[in-house]
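A.B. asks: Those protein sequences? They're chains G and B, same order as listed.
Here the first sequence is numbered in numbering that gives the first Met the number 0, starting from 0 and rising by one per residue.
Here the second sequence is numbered in numbering that gives the first Met the number 0, starting from 0 and rising by one per residue.
Even for Gly, the Cβ is constructed at its ideal location relative to N, Cα and C.
These numbers were taken from a predicted model, which means no experiment stands behind them.
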Amino acid sequence: MSSELSVKSLAVPGFFSDVQAFWAVVRREWVIFIRYPSWIIALFIWPVIFPMGYILTARALSGIDGSGLTTFQNTTGLNEYVGYIAVGTMIWMWQNIVLWAVGYSLRNEQMRGTLESNWLSPTWRFSYLLGSSIPQLVSMLMLMLVSGLEYAFLFRVHFNGSLWLTLLVILAAIPSVYGIGFAFASLVITLKEANAFVFLVRGIVMIFCGITYPLAILPNWMQTIAQWLPQTYIIHGVRTAALSTEGFSAIAFDLNMLALFGIFWLAVGYFLFNMMERRARQTGAIGQY
Amino acid sequence: MTEFAIEAKQLVKKFPARAGTGDKKAEGESSAPKKRVWPFQKKEPKALFTAVNGVDLQIERGEIFGLLGPNGAGKSTTIRMLCTLLEPTSGTAQVNGFDTVKQANDVRRSLGTVLAGERSIYWKLSGRENLEYFAALYHIPQAVAKKRVDELIERMELKDRANELVEKYSTGMRQRIAISKALLARPPILLLDEPTLGLDPQAARNLRELIAQLKQEGHTILLTTHYMEEADQLSDRIGIIDTGKVIALDTPEGLKRRIDQKEIIRLELTGWHDDLADKLKSISGVENLTTHQQGEADLWEVNLQAQNSRAALPRIVEHISGNGTRLVNMNIVKPSLEDVFIHLTGKALRD
Numbered sequence: 000m001s002s003e004l005s006v007k008s009l010a011v012p013g014f015f016s017d018v019q020a021f022w023a024v025v026r027r028e029w030v031i032f033i034r035y036p037s038w039i040i041a042l043f044i045w046p047v048i049f050p051m052g053y054i055l056t057a058r059a060l061s062g063i064d065g066s067g068l069t070t071f072q073n074t075t076g077l078n079e080y081v082g083y084i085a086v087g088t089m090i091w092m093w094q095n096i097v098l099w100a101v102g103y104s105l106r107n108e109q110m111r112g113t114l115e116s117n118w119l120s121p122t123w124r125f126s127y128l129l130g131s132s133i134p135q136l137v138s139m140l141m142l143m144l145v146s147g148l149e150y151a152f153l154f155r156v157h158f159n160g161s162l163w164l165t166l167l168v169i170l171a172a173i174p175s176v177y178g179i180g181f182a183f184a185s186l187v188i189t190l191k192e193a194n195a196f197v198f199l200v201r202g203i204v205m206i207f208c209g210i211t212y213p214l215a216i217l218p219n220w221m222q223t224i225a226q227w228l229p230q231t232y233i234i235h236g237v238r239t240a241a242l243s244t245e246g247f248s249a250i251a252f253d254l255n256m257l258a259l260f261g262i263f264w265l266a267v268g269y270f271l272f273n274m275m276e277r278r279a280r281q282t283g284a285i286g287q288y
Numbered sequence: 000m001t002e003f004a005i006e007a008k009q010l011v012k013k014f015p016a017r018a019g020t021g022d023k024k025a026e027g028e029s030s031a032p033k034k035r036v037w038p039f040q041k042k043e044p045k046a047l048f049t050a051v052n053g054v055d056l057q058i059e060r061g062e063i064f065g066l067l068g069p070n071g072a073g074k075s076t077t078i079r080m081l082c083t084l085l086e087p088t089s090g091t092a093q094v095n096g097f098d099t100v101k102q103a104n105d106v107r108r109s110l111g112t113v114l115a116g117e118r119s120i121y122w123k124l125s126g127r128e129n130l131e132y133f134a135a136l137y138h139i140p141q142a143v144a145k146k147r148v149d150e151l152i153e154r155m156e157l158k159d160r161a162n163e164l165v166e167k168y169s170t171g172m173r174q175r176i177a178i179s180k181a182l183l184a185r186p187p188i189l190l191l192d193e194p195t196l197g198l199d200p201q202a203a204r205n206l207r208e209l210i211a212q213l214k215q216e217g218h219t220i221l222l223t224t225h226y227m228e229e230a231d232q233l234s235d236r237i238g239i240i241d242t243g244k245v246i247a248l249d250t251p252e253g254l255k256r257r258i259d260q261k262e263i264i265r266l267e268l269t270g271w272h273d274d275l276a277d278k279l280k281s282i283s284g285v286e287n288l289t290t291h292q293q294g295e296a297d298l299w300e301v302n303l304q305a306q307n308s309r310a311a312l313p314r315i316v317e318h319i320s321g322n323g324t325r326l327v328n329m330n331i332v333k334p335s336l337e338d339v340f341i342h343l344t345g346k347a348l349r350d
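1. Since Arg325 (chain B) is in the alpha helix (DSSP H), which residue starts that stretch and which ends it?
2. Nearest-angstrom Cα distance between Arg238 (chain G) and Ala100 (chain G)?
3. Here's a check: name, in chain order, each residue in its chain whose Cβ is nearer than 6 Å to the Cβ of Leu180 (chain B), leaving out the five neighbours to either side.
4. Is the stretch 154-162 of chain G in contact with the stretch 200-215 of chain G, if contact means three or more CB pairs nearer than 8 Å?
5. Contact between the stretch 324-332 of chain B and the stretch 255-274 of chain B is defined here as three or more beta-carbon pairs at a separation below 8 Å; is this criterion met?
6. Could you tell me which residues DSSP pairs with Asp241 (chain B) in its beta bridges?
7. Quick check on Ser125 (chain B): does DSSP put it in helix, strand or coil?
8. Counting only Cβ pairs nearer than 9 Å, list the residues of chain G close to Phe64 (chain B).
9. Excluding the five sequence neighbours on either side, which residues of its own chain have a C-beta within less than 6 Å of the C-beta of Phe21 (chain G), listed in chain order?
10. Taking Cβ-Cβ distances below 8 Å as the criterion, which residues of the stretch 103-136 of chain G are in contact with chain B?
11. Under a Cβ-count criterion, where at least 16 other Cβ atoms within 10 Å of its own Cβ denotes burial, should Gly27 (chain B) be classed as buried or exposed?
12. If you drop the 5 nearest sequence neighbours on each side, which residues of the same chain put their C-beta closer than 6 Å to that of Thr189 (chain G)?
13. Kindly say whether Ala230 (chain B), judged by its beta-carbon, lies nearer than 8 Å to any beta-carbon of chain G.
14. For a cutoff of 8 Å on Cβ pairs, would you count Leu93 (chain B) as touching chain G?
15. Quick one: which residues of the stretch 28-58 of chain G get their C-beta closer than 9 Å to a C-beta of chain B? List them in chain order.
16. Say whether chain G places a C-beta atom closer than 8 Å to the C-beta of Ala310 (chain B).
17. Are the stretch 134-145 of chain B and the stretch 205-225 of chain B touching, with three or more C-beta to C-beta distances below 8 Å?
18. So, with DSSP's three-state summary, where would you put Ile203 (chain G)?
19. For Ala7 (chain B), which residues does DSSP report across the bridge?
20. How would you call Val339 (chain B), buried or exposed, if buried means at least 16 neighbouring beta carbons within 10 angstroms?
21. Helix, strand or coil: which one does DSSP assign to Leu186 (chain G)?
22. Hey, Ala202 (chain B) and Asn95 (chain B): beta-carbon distance below 8 Å or not?
23. May I ask you to list, following chain order, the residues of the stretch 184-203 of chain G that have a beta carbon less than 8 Å from some beta carbon of chain B?
24. In terms of alpha-carbon separation, which member of B:Ile210, B:Thr242 and B:Leu279 lies closest to Asn70 (chain B)?
25. Rounded C-beta distance between Glu6 (chain B) and Leu56 (chain B)? I'm assuming under 8 Å.
26. May I ask which residues mark the beginning and end of the alpha helix (DSSP H) holding Leu148 (chain G)?
27. Give me the Cα-Cα distance between Val168 (chain G) and Gly261 (chain G), rounded to the nearest whole angstrom.
28. Chain G partners of Gln141 (chain B), CB-CB under 8 Å?
29. Name the chain B residues that come within less than 9 Å of Thr282 (chain G), Cβ to Cβ?
30. Please confirm whether Leu191 (chain B) and Arg175 (chain B) have their CB atoms less than 8 Å apart.
31. With a threshold of 8 Å on Cβ separation, who are the neighbours of Leu198 (chain B) within its own chain once the five nearest residues in sequence on each side are excluded?
32. To the nearest angstrom, report how far apart Leu288 (chain B) and Leu298 (chain B) are at their CA atoms.
33. Please go through the stretch 141-226 of chain B and give each complete beta strand (DSSP E) segment of 3 or more residues, from N-terminal end onward.
34. Could you work out which residues of chain B lie near Ser8 (chain G), taking near to mean beta carbons separated by less than 8 Å?
35. Less than 8 Å between CB atoms is the rule here; does Ile5 (chain B) satisfy it with respect to chain G?
36. For Thr74 (chain G), name the three-state secondary structure that DSSP assigns.
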């Protein structure tokens, strides 16, 4: 019965193999994403529709001739209220989409039945979460670009600031936005269903981070909470960079805070992922639908 | 390094029990109502359900080992511990000489696994894209992977459909992609969990031929199946697992020899009713009665094991006559692996 192995494995383990596996995850996710192009409709329509309600409300309150805008200008230093609302709602949409798309990426794999077959391979497991976020990030940047063009041409928003500084703030925001997504993904695998948490997080962002109003109008206790949310700094930073001409110094504090929040949330995301992975090996949660 | 391809020593896996499913308490343990537990007060340990209860396995290199058991017997949990998806509560397992907990990645590199069959691949990718993707996950260099994918597509006779989306494939084709995925890195050991489940007879036969070829090529194969004939035909040795324990382990012939002295009386009846079971069981020398309704018609297959069928038959016929029961057919057959299974576990594999 006993025989020498005549089969020799073709696998070549090492760092480059893990990089290759990571890119395979990115490519897989991208191919599936572009193969079913219903997202194109969302890409063009959603950025216009979502802020429309806020913009029209603001227009009604400020008057058709904009005579009621003085208070807004005094509080924010900006007169571009449409752009102000558009940036706030865009950042809210970004975090919201990341919570659904990245937060539910592993859960969707689990329900399809493919999570286990990925987990059986010797690839670094965080690659599955990280890799599936890259196409999501690219699609989100496309959404931001299309939104910017739509606001400029349909709503006549004047983006007086710097494109490069705006991109810099967005870049600085990526670690915290996706770190929260990673933390969420681990939570979803453990709890199976976390819709209530998505609604809670996006509700908090909506109320505390000032997506359509300046934080100055909030009571002090709410402003204190807002200081602990990275979205507050993303919204302020992007608004300042895109709509004002104040330059780098005006966003330096936001960038510093986003760097700190980025480190914190990536660490939390990675820690929770490892905890979930360890727990799943004890409970068999990976294979449970 | 262990000489065995797979070796498990006293593997135990316990899960937190859902209400009413925990292990039975030992005699003398309190079953009094639970006391109220205050915050910070030490809580009672949670009730546990033992899925695998001290499994020992030694699978030799190059053999096909069949693991049989009814649903819930612990075979999937055992397989999941061996392929690193689950950590044992106690006990150890080595695969290709690597510890499944401490050297999990080396174990994964040594294994090709078919779990969940057609659901384990991406339906929105083509067959080729699936294989290229998993080749990268198994750390096969790109140039080697391309050749290997072509080779497997050719071998699985999927060349004409390789670039179509998997969602357009038949179950058999999807299963072939799932098996190709397991073979990609040419791993020494294959774990095949119900590989022919849901396949049509022709596709199942082709797959059995493939499994036999893989053994010839030097792969060690751990196979779980619900189909006794399949296990009988393919396996060098068979382990029968029930209630989390390996209750018998031998060659198919060795297992059948255990009940060689017994005969199997197979009856086909109409008008079966449960009272008959008690009457038949009361006949001296008759044991292990199983029934199975054939299709939707009122036709039942009843199997009995008897020490001496000649002595038992007149009494059996006497009991089933009348009361609306009619004997349609009767055979005395040689024991099959299924009969061994019934003899050992008291239930049919499909239970």
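C.D. replies: A quick look at the data gives this:
1. Walking along the second sequence from the start, residue 325 (chain B) turns up at place 326. Per DSSP, Arg325 (chain B) belongs to no alpha helix (DSSP H); it is in the beta strand (DSSP E), Arg325 to Val332.
2. Working through the first sequence from its first residue, we reach residue 238 (chain G) at position 239. Working through the first sequence from its first residue, we reach residue 100 (chain G) at position 101. Spanning the two alpha carbons is a distance of roughly 25 Å.
3. The count along the second sequence starts at 1 and reaches residue 180 (chain B) at position 181. The residue asked about is misnamed: residue 180 (chain B) is Lys in this sequence, not Leu. These residues qualify, in order along the chain: Phe133.
4. No: fewer than three Cβ pairs fall under 8 Å.
5. The stretch 324-332 of chain B is in contact with the stretch 255-274 of chain B.
6. As a working mapping, residue 241 (chain B) is identified with position 242 in the second sequence. For Asp241 (chain B), which the question treats as bridged, DSSP gives the partners B:Lys244.
7. By 1-based counting over the second sequence, the position of residue 125 (chain B) is 126. The three-state secondary structure of Ser125 (chain B), taken from DSSP, is strand.
8. Taking the second sequence and counting its residues from 1, the one referred to as residue 64 (chain B) is at position 65. The premise fails here: Phe64 (chain B) is roughly 10 Å from chain G at the closest Cβ pair, so nothing lies under 9 Å.
9. Your numbering for residue 21 (chain G) matches position 22 in the first sequence. If we look at Phe21 (chain G) and ignore the five residues flanking it on each side, its Cβ neighbours are Ser126 and Gly130.
10. Those residues of the stretch 103-136 of chain G placed with their C-beta closer than 8 Å to a C-beta in chain B are Arg111, Gly112, Thr113, Glu115, Ser116, Asn117, Trp118, Leu119, Ser120, Pro121 and Thr122, ordered along the chain.
11. On the second sequence, residue 27 (chain B) is found 28 positions in, with the first residue counted as 1. Because Gly27 (chain B) sits at a pLDDT of 47, beneath the cut-off of 50, its placement in the model cannot be relied upon, and the point is left open.
12. The count along the first sequence starts at 1 and reaches residue 189 (chain G) at position 190. Excluding residues within five positions, the ones whose Cβ falls inside 6 Å are Met275.
13. For the purposes of this step, residue 230 (chain B) is taken as residue 231 along the second sequence, with counting starting at 1. Contact with chain G is absent for Ala230 (chain B), since none of that chain's Cβ atoms lies less than 8 Å from the residue's Cβ.
14. The residue you call residue 93 (chain B) lines up with position 94 of the second sequence. The residue you asked about is not Leu; residue 93 (chain B) is Gln in the sequence shown. So, not an interface residue.
15. Shown in chain order are the members of the stretch 28-58 of chain G whose Cβ falls below 9 Å from a Cβ of chain B: Val30, Ile31, Arg34 and Tyr35.
16. Working through the second sequence from its first residue, we reach residue 310 (chain B) at position 311. No, because no Cβ of chain G sits closer than 8 Å to the Cβ of Ala310 (chain B).
17. Contact fails: fewer than three Cβ-Cβ distances are below 8 Å.
18. Taking the first residue of the first sequence as position 1, residue 203 (chain G) is located at position 204. Of the three classes helix, strand and coil, the one that applies to Ile203 (chain G) here is helix, per DSSP.
19. Numbered from 1 along the second sequence, position 8 holds the residue referred to as residue 7 (chain B). Residue pairing by DSSP puts Ala7 (chain B) in a beta bridge opposite B:Leu56 and B:Ala92.
20. Position 340 of the second sequence, counted from the first residue, corresponds to residue 339 (chain B). In the assembly as shown, Val339 (chain B) is a buried residue. Its beta-carbon has 16 or more other beta-carbons within 10 Å.
21. As a first step, residue 186 (chain G) must be located in the first sequence, where it is residue number 187. Three-state DSSP puts Leu186 (chain G) in a helix.
22. Taking the first residue of the second sequence as 1, we reach residue 202 (chain B) at position 203. Taking the first residue of the second sequence as 1, we reach residue 95 (chain B) at position 96. Between Ala202 (chain B) and Asn95 (chain B), the C-beta gap is not smaller than 8 Å, which leaves the two residues out of contact.
23. Residues passing the 8 Å Cβ filter: none.
24. For the purposes of this step, residue 70 (chain B) is identified with residue 71 of the second sequence, where counting begins at 1. When each option's Cα is compared against that of Asn70 (chain B), the closest is B:Thr242.
25. Here residue 6 (chain B) corresponds to residue number 7 of the second sequence, with the count starting at 1. Here residue 56 (chain B) corresponds to residue number 57 of the second sequence, with the count starting at 1. The C-beta distance from Glu6 (chain B) to Leu56 (chain B) rounds to 7 Å, short enough to meet the 8 Å contact threshold.
26. By one-based count along the first sequence, residue 148 (chain G) stands at place 149. Boundaries of the alpha helix (DSSP H) harbouring Leu148 (chain G): Phe125 to Leu153, taken from the DSSP string.
27. In the first sequence, the residue the question calls residue 168 (chain G) occupies position 169. In the first sequence, the residue the question calls residue 261 (chain G) occupies position 262. Each residue's CA atom was taken as its position, placing Val168 (chain G) and Gly261 (chain G) some 12 Å apart.
28. As a first step, residue 141 (chain B) is located in the second sequence; it is residue number 142 there, counting from the start. Near Gln141 (chain B) (Cβ distances below 8 Å), the residues of chain G are Gln19.
29. In the first sequence, residue 282 (chain G) corresponds to position 283, counting from 1. The answer, in chain order, is Phe14, Pro15 and Leu85.
30. Here residue 191 (chain B) is taken as the residue at index 192 of the second sequence, counted from 1. Here residue 175 (chain B) is taken as the residue at index 176 of the second sequence, counted from 1. Result no, Cβ atoms of Leu191 (chain B) and Arg175 (chain B) do not sit closer than 8 Å.
31. The residue given as residue 198 (chain B) occupies position 199 in the second sequence. Excluding the 5 residues flanking it on each side, Leu198 (chain B) has same chain C-beta neighbours closer than 8 Å at Thr170, Gly171, Gln174 and Leu206, in chain order.
32. Start at 1 with the first residue of the second sequence, and residue 288 (chain B) comes out as number 289. Start at 1 with the first residue of the second sequence, and residue 298 (chain B) comes out as number 299. The alpha-carbon atoms of Leu288 (chain B) and Leu298 (chain B) are separated by roughly 16 Å.
33. Taking 3 residues as the minimum length, the beta strand (DSSP E) runs contained wholly in the stretch 141-226 of chain B are 188-192 and 219-223, in order along the chain.
34. Your numbering for residue 8 (chain G) matches position 9 in the first sequence. Result: Arg108, Ser109, Ala184, Arg185, Pro186 and Pro187.
35. Start at 1 with the first residue of the second sequence, and residue 5 (chain B) comes out as number 6. For Ile5 (chain B), no CB of chain G lies under 8 Å from its own CB, so it is not counted at the interface with that chain.
36. The residue labelled residue 74 (chain G) in the question sits at position 75 within the first sequence. Helix, per DSSP.
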